[in-house]
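Visitor: Sequence order for the protein chains is A and W. Residue 90 is where the first sequence ends in full-length UniProt numbering, and the numbering goes up by one at each step. Residue 90 is where the second sequence ends in full-length UniProt numbering, and the numbering goes up by one at each step. Idealized CB from N, CA, C, for every residue including glycine. Values in this document were obtained by computation on a predicted structure and should not be read as measured data.
There are 2 protein chains.
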Amino acid sequence: MTGPCGTCHTLPSVTVDRFDPTPIYLQIAGVLRERIQSGQYAPGQVLPSEQQLQQEFEVARATARRAVEVLRDEGLVVTMPQRGSYVTPK
Amino acid sequence: MTGPCGTCHTLPSVTVDRFDPTPIYLQIAGVLRERIQSGQYAPGQVLPSEQQLQQEFEVARATARRAVEVLRDEGLVVTMPQRGSYVTPK
DNA sequence: GCGAATTTGTACGTATGTATC
DNA sequence: AGATACATACGTACAAATTCG
Chain A
1 MTGPCGTCHT LPSVTVDRFD PTPIYLQIAG VLRERIQSGQ YAPGQVLPSE QQLQQEFEVA
61 RATARRAVEV LRDEGLVVTM PQRGSYVTPK
Chain W
1 MTGPCGTCHT LPSVTVDRFD PTPIYLQIAG VLRERIQSGQ YAPGQVLPSE QQLQQEFEVA
61 RATARRAVEV LRDEGLVVTM PQRGSYVTPK
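1) What separation, rounded to the nearest whole angstrom, lies between the Cα atoms of Q51/A and T79/A?
2) Can you look up T63/W in the DSSP assignment and give me helix, strand or coil?
3) Work out the CA separation of L26/A and R18/A for me, nearest whole Å.
4) With contact counted as at least three CB pairs below 8 angstroms, one residue from each stretch, are the region 54-69 of chain A and the region 28-40 of chain A in contact?
5) Taking all protein chains shown into account, do 16 or more other C-beta atoms lie within 10 angstroms of the C-beta of V46/W, making it buried, or fewer, making it exposed?
6) For Y41/A and K90/A, I'd like the C-alpha separation in whole angstroms.
7) Helix, strand or coil: which one does DSSP assign to Y41/W?
8) Looking at the structure shown, is T79/W part of a helix, part of a strand, or coil, going by DSSP?
9) With the cut-off set at 9 angstroms, would you say T88/W and V77/W are in Cβ contact?
10) For the alpha helix (DSSP H) containing E50/A, name the first residue and the last one.
11) Got a sec? Which residues, its chain only, sit under 8 angstroms from G44/W by beta carbon, not counting five neighbours each side?
12) Please classify P81/W: is it buried, with 16 or more other beta-carbons within 10 angstroms of its beta-carbon, or exposed?
13) For R33/W and G39/W, what's the separation of their Cα atoms in angstroms?
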């Protein structure tokens, strides 16, 4: 697993602040929401898998999963079992 | 912890069928939903705590919690942190 | 007012099942 | 057949707020 630069391997993610009282799953949901709204994750595109999110943000899978659940409840993504979560088309 | 009859102590719950492919949390949600609709749990009344549900149905707390989440999503109960989940008043 | 118990919220880890690729 | 990916379910631990003696 490489970092955002595609090269670094051991640096922890800077997108999650464990000293921030905001729940980690909400922090992650916020990051993903921004990526969707910025078009980095385009409509119809598949999101990173739970395992990939787990590795990128260095959290438990349940936490990554919880973040995606937030977006699902917001209608931003649609999850298809055994397929992945897709950005809801506009 | 006593069973439904208020006396028995060791008999396992018969309300959850672990051979039923239906997810356990949905089975429990179904039981609780019936109790609400039948008036056994009256509007405004507090539901059994997650720990009590855990013991009654002999499941993990996360599973009991998941069942209550279903009812919350349905609007049947309202959960107040550190207080409990209450049957939504009509 | 204080401390203990209770209760929900969050987060971690592990295991298994099932469908998809 | 194997790897991938989500769903379910178990367990543990700690935090924060409320309740109660």
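Guide: Taking the definition as stated:
1) Here the alpha carbon of Q51/A sits roughly 15 angstroms from the alpha carbon of T79/A.
2) Note: T63/W maps to helix in three-state DSSP.
3) Rounded to whole angstroms, R18/A to L26/A spans 12 angstroms at the Cα level.
4) The region 54-69 of chain A, when compared against the region 28-40 of chain A, does touch it at the 8 angstroms Cβ threshold.
5) So V46/W counts as exposed.
6) Each residue's Cα considered, the two are about 13 angstroms apart.
7) Collapsing the DSSP output to three states places Y41/W in coil.
8) In the structure shown, T79/W adopts extended strand secondary structure according to DSSP, grouped into three states.
9) Yes, they are a contact pair.
10) Judged by DSSP secondary structure, E50/A falls within the alpha helix (DSSP H) whose first and last residues are E50 to F57.
11) Only Y86, V87 and P89 meet the Cβ criterion.
12) Exposed, by the Cβ-count rule.
13) Rounded to whole angstroms, the separation of the alpha carbons of G39/W and R33/W is 10 angstroms.
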